[in-house]
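Just so you know, the sequences run in chain order A and B. In terms of my numbering, the first sequence opens at residue 542 and continues consecutively. In terms of my numbering, the second sequence opens at residue 3 and continues consecutively. Below is one structure; the comments refer to it alone.
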Amino acid sequence: MEYILGILILSAINLVAVLGLSVLTGFTGLFSFGHAGFMAIGAYTSAIVTARLHLPFAVGLLAAGLVAGIISIGLGRLTLKLKGDYFCIATMGFGEIVKPLLNNWKWVGGARGWESIPKYGGISLLLPFAVAVIAVILSWNLINSRQGRNMVAVREEELAAQMAGVNVLRSKMIALVFSAVLAGIAGGLMANFIGFIAPKTFNMVKSTELTIIVIFGGLGSISGSVVAALLLTVLPELFRAFSSWRLVFYGLAVMIIMIGRPKGLMGGLELTPTSLRKAAAARKAKRDTAAATAEGEKR
Amino acid sequence: MAQFLQQLVNGLSIGSIYALMAVGYSLVYSIMNFSNFAHGSVIMLGAYLGYYSMTLLGLPFWLAFIAAALGTALIAVVLERLAYKPLRDRKATFLYFIITAMGASIFIDNFVIATIGPTPKMFPAVFAQGPILFGKIALGRIDLAMFVISAICLAALIIFIDYTKMGKAIQATSFNMKASTLMGINTNMVIFIVFAIGGALAGIAGVLYGMKYQVFPQIGGITLKSFIAAVFGGLGSLPGALLGALVLGLVETLVSGYLSTQYRDLIAFLILITMLIVRPSGIMGKNAEDKA
């Protein structure tokens with residue numbers, strides 16, 4: 542039971558981080574290989590607030606999001622003007638800089654990691670799920686707002702969006718800060734539910750994993766990201782028995798998806814009650830017209 | 003002064019092997035405009051191929067180099083055909099290439115961990131122990147070998163690119179792939195050759211790296227440094243990759259020597275970010291124009 546709960550909490554934490562990246566990558570078209578860096582910042586902030594300052598967990602989480610967000614503003618100012626590959630490489634560099642900085646910071650455990658971070662049980666166990674639900678609602682509202690439409694415009698055609706009066710840099714910045722805040726909060730949740738953090742947890746592989754989940758779910762789909770985050774956290778856990786072969790198949794699956802189904806699970810569509818109803822209605826309409834034409838031919 | 007010269011020598015030796023790895027990244031980038039993150043894993047496979055040719059097959063070390071180079075060239079070409087060709091045919095954006103490369107890298111690294119295991123392996127001793135002394139400066143034999151072999155390979159590569167018909171075709175393709183196809187250049191062939199060359203150099207670099215340190219599945223992650231070198235020098239530019247690699251090697255050894263080895267990676271990545279902010283196209287890269 543505890544094991545299942547652990548996996549569910551891990552899925553919720555991953556989901557929070559993935560939702561931010563979904564807005565950044567899926568809706569704004571910016572690719573990051575450094576969001577594990579923001580998770581690390583959030584994790585260490587929350588750990589410092591709860592373990593060293595002895596403040597409540599909620600304060601730790603808010604601080605985690607806040608610090609990650611502020612740092613992302615700085616990073617964005619420096620790197621958001623870079624094009625394509627180069628923004629990606631810059632974020633990768635950022636992620637790799639966070640790691641050695643933490644490795645050399647003895648006060649928070651250095652390279653060996655930091656144990657004995659306060660863990661929370663009881664009612665607090667609901668917190669990751671609550672945060673995940675709030676994150677879903679926030680992301681959904683963001684992408685359906687004016688700001689969200691601007692982001693999609695930037696993704697589709699930057700120059701045209703600019704011509705139409707969209708402040709491209711501002712849209713990108715909002716997406717980056719949003720994703721960094723969520724990654725920071727996810728890191729904070731991770732620190733206080735696992736109770737142990739080490740700089741090497743937040744490596745490039747972790748960053749890539751987050752981006753891969755977004756792509757797996759389908760770029761430009763919040764519900765796709767949700768499904769993919771749950772699927773890609775639970776599935777590897779089920780195959781833990783084949784631990785060494787697990788990642789072999791993971792790598793293979795990534796390649797096959799990229800080559801075979803680049804649109805991802807949802808392919809930019811959303812899974813909502815309305816969309817399901819619409820799909821059902823469309824199918825019914827198609828059947829009706831087919832029947833009508835068949836009848837017409839008979840006559 | 004002697005210490006400084008010593009660091010300089012060490013830096014050049016590390017830099018030369020970074021150069022050998024960096025040109026692989028740069029060559030592929032110049033043609034296909036994406037960072038081939040699977041290159042590090044190919045380097046790692048080269049190290050294992052060299053190790054097993056010497057221990058299992060009992061080949062002399064120079065034959066091990068050739069065996070590793072041929073093996074990795076084949077692996078790189080097969081990887082291109084299976085993983086990148088479908089994306090090219092679909093005209094996918096750079097992101098799909100990068101993620102596919104990452105997937106390939108995860109696949110190869112973990113395949114080696116699952117089959118061979120994570121324990122590091124030592125190359126059989128090839129060179130006599132004890133450094134060659136020039137006054138107060140000690141030059142390790144393996145370091146000298148690294149420098150000489152890298153220099154020969156890179157010189158051969160530059161001659162190939164500059165003075166052969168195929169080399170000219172590579173240059174033309176990197177300038178403009180579409181126009182080159184219209185001029186009758188077989189760009190598929192060019193890509194094939196580029197991956198074969200990059201792969202062969204990766205194999206040699208892997209064997210050298212394994213001889214200097216050890217052979218282990220995570221070598222690919224360490225080669226990220228040579229990727230920094232390629233970006234620093236200017237992605238897509240061969241002389242840039244060489245220069246960037248030598249500068250990075252020197253900076254790394256100077257930082258380790260005078261500050262602390264713990265700051266080595268930090269400084270390397272700081273250089274990367276600073277360069278991207280100040281001049282994204284690197285020291286000698288093509289000017290990154292907006293292709294909107």
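For each residue, glycine too, the CB sits at the ideal point set by N, CA and C. All figures in this text were calculated on a predicted structure; none of them were measured in a lab.
Contact set between residue i and chain A, taken where Cβ atoms lie within less than 8 Å
i         : result
B/Ala-106 : Gly-792 and Met-796
B/Leu-89  : Met-799 and Ile-800
CA nearest to the CA of residue i, picked from the options
i         : options                                       : result
A/Glu-637 : B/Leu-274, B/Leu-248 and B/Gly-284            : B/Leu-274
B/Leu-203 : B/Pro-122, B/Val-44 and B/Val-192             : B/Val-44
A/Leu-683 : A/Gly-761, A/Leu-776, A/Ala-820 and A/Ala-592 : A/Gly-761
A/Val-649 : A/Trp-681, A/Leu-565, A/Gly-663 and A/Ala-581 : A/Ala-581
A/Gly-805 : A/Asn-555, A/Ser-563, A/Ala-631 and A/His-595 : A/Ser-563
B/Phe-296 : B/Leu-248, B/Phe-177, B/Ser-18 and B/Gly-222  : Absent from the structure is residue 296 of chain B, since the part of chain B shown begins at 3 and ends at 294.
A/Ala-609 : A/Ser-748, A/Ala-724 and A/Tyr-791            : A/Ala-724
B/Gln-5   : B/Thr-276, B/Thr-255, B/Met-277 and B/Ala-270 : B/Thr-255
A/Ser-613 : A/Lys-624, A/Leu-565 and A/Glu-656            : A/Leu-565
A/Ala-721 : A/Ala-702, A/Arg-696 and A/Ser-748            : A/Ser-748
B/Ile-101 : A/Cys-629, A/Asn-644, A/Phe-635 and A/Asn-645 : A/Cys-629
B/Thr-74  : B/Tyr-31, B/Ile-118, B/Met-23 and B/Arg-92    : B/Met-23
B/Phe-218 : B/Gly-52, B/Ile-160 and B/Leu-240             : B/Gly-52
A/Ala-553 : A/Ala-732, A/Asn-691, A/Val-674 and A/Gly-634 : A/Val-674
A/Phe-757 : A/Gly-792, A/Gly-615, A/Arg-818 and A/Glu-699 : A/Gly-792
B/Thr-121 : B/Asp-145, B/Gln-220 and B/Leu-261            : B/Gln-220
A/Leu-751 : A/Met-704, A/Ala-701, A/Phe-574 and A/Asn-644 : A/Phe-574
Residues bridged to residue i [DSSP beta-bridge criterion]
i         : result
B/Phe-136 : B/Ile-139
A/Lys-825 : Paired residue(s): none; A/Lys-825 is not in a bridge.
B/Val-217 : B/Lys-123
A/Gly-738 : This sequence places Ile at residue 738 of chain A; Gly is not what is there. Looking at the DSSP assignment, A/Ile-738 forms a beta bridge with A/Trp-655.
CB-CB length for residue i against residue j, believed under 8 Å
i         : j         : result
A/Ile-550 : A/Pro-641 : A/Ile-550 to A/Pro-641, Cβ: 29 Å. No contact.
B/Leu-65  : B/Ser-55  : 7 Å
B/Ile-237 : B/Gly-287 : According to the sequence displayed, residue 237 of chain B carries Leu and not Ile. Yes, B/Leu-237 and B/Gly-287 are in contact; Cβ-Cβ is about 6 Å, under 8 Å.
B/Ala-2   : B/Ala-40  : The structure shown has nothing for residue 2 of chain B, since chain B only spans 3 to 294.
B/Phe-96  : A/Asp-626 : 6 Å
A/Leu-717 : A/Gly-617 : 5 Å
B/Leu-272 : B/Gly-42  : In fact, because the Cβ distance is near 21 Å, the residues do not count as touching under 8 Å.
B/Phe-29  : B/Gly-200 : The question names Phe, but residue 29 of chain B in the sequence shown is Leu. At roughly 5 Å, the Cβ-Cβ gap stays under 8 Å, so B/Leu-29 and B/Gly-200 are in contact.
A/Ile-658 : A/Gly-736 : 5 Å
B/Val-150 : B/Ile-33  : With a Cβ gap of about 29 Å, B/Val-150 and B/Ile-33 do not count as contacting.
B/Ile-285 : B/Phe-234 : 7 Å
B/Ala-49  : B/Gly-251 : About 19 Å; that fails the 8 Å criterion.
B/Asn-112 : A/Leu-788 : 4 Å
B/Val-11  : B/Leu-184 : Their Cβ separation, rounded to whole angstroms, is 49 Å, which puts B/Val-11 and B/Leu-184 out of contact at 8 Å.
A/Val-768 : A/Gly-567 : Between A/Gly-567 and A/Val-768 the Cβ distance is about 13 Å, and since that is not below 8 Å, they are no contact.
Listed by chain order, chain B residues near residue i by CB distance under 9 Å
i         : result
A/Leu-619 : Ile-275, Leu-278 and Ile-279
A/Ile-756 : Leu-97, Tyr-98 and Ile-101
A/Ala-631 : Leu-274, Ile-275, Leu-278, Ile-279 and Pro-282
A/Leu-623 : Leu-278, Ile-279, Pro-282 and Ala-290
A/Phe-635 : Phe-271 and Ile-275
A/Asn-846 : Outside the shown range of chain A (542 to 840) lies residue 846 of chain A, about which nothing can therefore be said.
Cross-chain neighbours of residue i in chain A, by beta carbon under 7 Å
i         : result
B/Ala-116 : Ser-785, Trp-786 and Val-789
B/Leu-97  : Phe-572
B/Phe-113 : Val-789
B/Phe-109 : Val-789, Gly-792, Leu-793 and Met-796
Under 7 Å by beta carbon: chain B residues contacting residue i
i         : result
A/Thr-749 : Met-104
A/Leu-806 : Under the 7 Å cutoff, chain B gives no residues; its nearest Cβ is about 15 Å from A/Leu-806.
A/Pro-803 : Ala-94 and Tyr-98
Chain B contact residues for residue i, given Cβ-Cβ distances below 8 Å
i         : result
A/Ile-638 : Leu-268, Phe-271, Leu-272 and Ile-275
A/Ile-753 : Ile-101, Met-104 and Gly-105
A/Phe-780 : Neighbours of A/Phe-780 on chain B: none; closest Cβ ~13 Å, over 8 Å.
A/Pro-641 : Gln-264, Tyr-265, Asp-267, Leu-268 and Phe-271
A/Tyr-544 : Going along chain B, no residue has its Cβ under 8 Å from A/Tyr-544, so there is no contact; the nearest lies around 24 Å.
Interface flag, residue i vs chain E, CB-CB below 8 Å
i         : result
A/Tyr-585 : Of the protein chains in this structure, namely A and B, none is chain E.
Per-residue contacts from residue i into chain A (C-beta, under 9 Å)
i        : result
B/Ala-85 : Met-796, Met-799 and Ile-800
beta-carbon residue i near the ligand ZN non-hydrogen atom, thresh 7 Å
i         : result
A/Gly-765 : No copy of the ligand ZN appears in this structure; indeed no ligand is present at all.
Contact list for the segment 554-582 of chain A against chain B, Cβ threshold 7 Å:
Listed in sequence order: Phe-572.
What are the residues of the segment 252-273 of chain B that lie near chain A, defined by any Cβ-Cβ distance shorter than 8 Å?
Gln-264, Tyr-265, Asp-267, Leu-268, Phe-271 and Leu-272
Can you pull out the residues from the segment 232-244 of chain B whose beta carbon lies closer than 8 Å to at least one beta carbon of chain A?
Val-233 and Leu-237
Determine which residues of the segment 34-57 of chain B have a Cβ less than 8 Å from any Cβ of chain A, and write them out in chain order.
Answer set for the segment 34-57 of chain B: Asn-35, Phe-36 and Ser-37.
Taking a cut of 7 Å between CB atoms, which residues from the segment 718-741 of chain A lie near chain B?
none
Of all the residues that make up the segment 117-150 of chain B, which are near chain A by a beta-carbon distance shorter than 7 Å?
Closer than 7 Å at the C-beta level to chain A, one finds no residue of the segment 117-150 of chain B.
Residues from the segment 672-701 of chain A in contact with chain B, defined by Cβ distance under 7 Å:
Listed by position along the chain: Glu-699 and Leu-700.
Residues from the segment 161-178 of chain B in contact with chain A, defined by Cβ distance under 7 Å:
none
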